[in-house]
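The block underneath contains the structure these notes are about, expressed in structure tokens.
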DNA sequence: ATACTTGCAAATGATTTGCCAGTGT
DNA sequence: ACACTGGCAAATCATTTGCAAGTAT
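Residue numbers (my numbering), protein chains in the order written: chain H, 121 to 278; chain E, 121 to 278.
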């Protein structure tokens, strides 16, 4: 659970900044590491390790699966990347965001979206009042039906 | 009970009632099926398919893994059992409950608990107001820190 | 009798581990 | 140089699929 030796989560403006942080925190700057980070910058949203390893569908350099998993884990330990579990299926990775946005996932159409933590403050408070739990939707999202599916399905089966 | 020939979710008072529903819905009553249901009644809470197949740690008859998975799936389709994904790790199965209780999971100590849906109505409403999502915590729980871990950890890193 | 089921083996998808040659610092 | 890394193979975990033999109805 412990975060690494350096500062908290870093907002990453560009690839070189992230690589500086990598070096500053004692990891080496290698080609696969650089490619991985470039791929995350190029990704349209959270992507699976497999998608990263296969270069986002061939548009960028391939990497070894095991190396990708290992690097994602190490970079996550340093607070440079993070991942979220959107419903079933593999974890989705992204560069760490300063605000650690929270996720919602529609189990009807599969869509997901991110919101600023402040938007869910009232919900978190309601959960705390009802159960004492301090909810966090950064790693495991709120799952349910998105507005569009609610509209389309009306009152479908629970 | 009052003729459960096809209604939606059935609250299961005992093994024989569930087996009657199994037969009423066109499935055969076989020994493995009976054992599976007895095991779910004997379980202390939601249990994994693997735990069911190995007889809750050897205290009851073993079953084949693949048969357990297949039967859980079929029984779930009939509304007789259901499962929840508590954090990482395998899905946890249980007999269907009339109220379809919702789950909370502590990613700090691993504990989980179930609450009546009504308890989370205000939270669901806050989520709807903020995002338009219709949240449901029956299949994917609210994840965060339980009251005890909040108390012990104070205000640790998010 | 016949369709539904079981049990065993093998396949899958996601992720981890072991190991040795390669390389950043 | 030397420890940190990458890549490849093999292992693991959770779950699914294929199929021949067994059984509920």
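Don't be surprised by glycine CBs; every beta carbon is placed ideally from N, CA and C.
In DSSP terms, what residue i is bridged to
i	result
residue 223(E)	234(E)
residue 205(H)	For residue 205(H), which the question treats as bridged, DSSP gives no partner whatsoever.
residue 255(E)	264(H)
residue 167(E)	213(E)
Which listed residue (the options) has its alpha carbon closest to that of residue i
i	options	result
residue 226(H)	197(H), 254(H), 273(H) and 241(H)	273(H)
residue 263(H)	205(H), 154(H), 224(H) and 139(H)	224(H)
residue 187(H)	146(H), 198(H), 201(H) and 169(H)	169(H)
residue 214(H)	208(H), 221(H), 203(H) and 207(H)	203(H)
residue 151(H)	222(H), 139(H) and 167(H)	139(H)
residue 158(H)	267(H), 137(H) and 241(H)	137(H)
residue 185(E)	174(E), 247(E), 193(E) and 245(E)	174(E)
residue 149(E)	258(E), 135(E) and 238(E)	135(E)
residue 167(H)	192(H), 229(H), 222(H) and 246(H)	192(H)
residue 269(E)	270(H), 275(H), 271(H) and 254(H)	254(H)
residue 228(H)	163(E), 161(E), 162(E) and 256(E)	256(E)
residue 232(E)	258(E), 172(E) and 271(E)	258(E)
residue 212(E)	172(E), 265(E) and 178(E)	172(E)
residue 133(E)	230(E), 209(E), 201(E) and 238(E)	201(E)
residue 182(E)	275(E), 238(E), 153(E) and 271(E)	153(E)
Contact under 8 Å by Cβ, residue i with residue j
i	j	result
residue 180(H)	residue 155(H)	yes
residue 216(H)	residue 236(H)	no
residue 267(H)	residue 199(E)	no
residue 260(H)	residue 207(E)	yes
residue 163(H)	residue 176(H)	yes
8 Å contact criterion, which residue i and residue j should meet: CB distance rounded
i	j	result
residue 250(E)	residue 250(H)	Actually they are not in contact, since the Cβ atoms of residue 250(E) and residue 250(H) sit about 17 Å apart, beyond 8 Å.
residue 194(E)	residue 147(E)	7 Å
residue 280(E)	residue 246(H)	Any property of residue 280(E) remains undetermined from this structure, which presents chain E solely from 121 to 278.
residue 234(E)	residue 248(E)	Not quite, the Cβ-Cβ distance comes to about 22 Å (not below 8 Å), so this is no contact.
Closer than 7 Å: residue i CB and nearest the ligand ATP heavy atom
i	result
residue 253(H)	In the structure on display, the ligand ATP does not appear, and there are no ligands present to speak of.
> Going along the chain, which residues of the segment 236 to 254 of chain E sit with their C-beta nearer than 7 Å to a C-beta in chain H?
Replying inline: 239, 240, 242, 243, 246, 247, 250, 251, 252, 253 and 254
>> Tell me which residues of the segment 256 to 267 of chain H have at least one Cβ-Cβ distance to chain E shorter than 9 Å, keeping chain order.
In response: 256, 257, 258, 259, 260, 261, 262, 263, 264, 265, 266 and 267
>> For the segment 209 to 236 of chain E, list every residue whose C-beta sits within 9 Å of some C-beta in chain H, in sequence order.
In response: 220, 224, 225, 226, 227, 228, 233 and 235
>> For the segment 165 to 192 of chain E, list every residue whose C-beta sits within 9 Å of some C-beta in chain H, in sequence order.
In response: none
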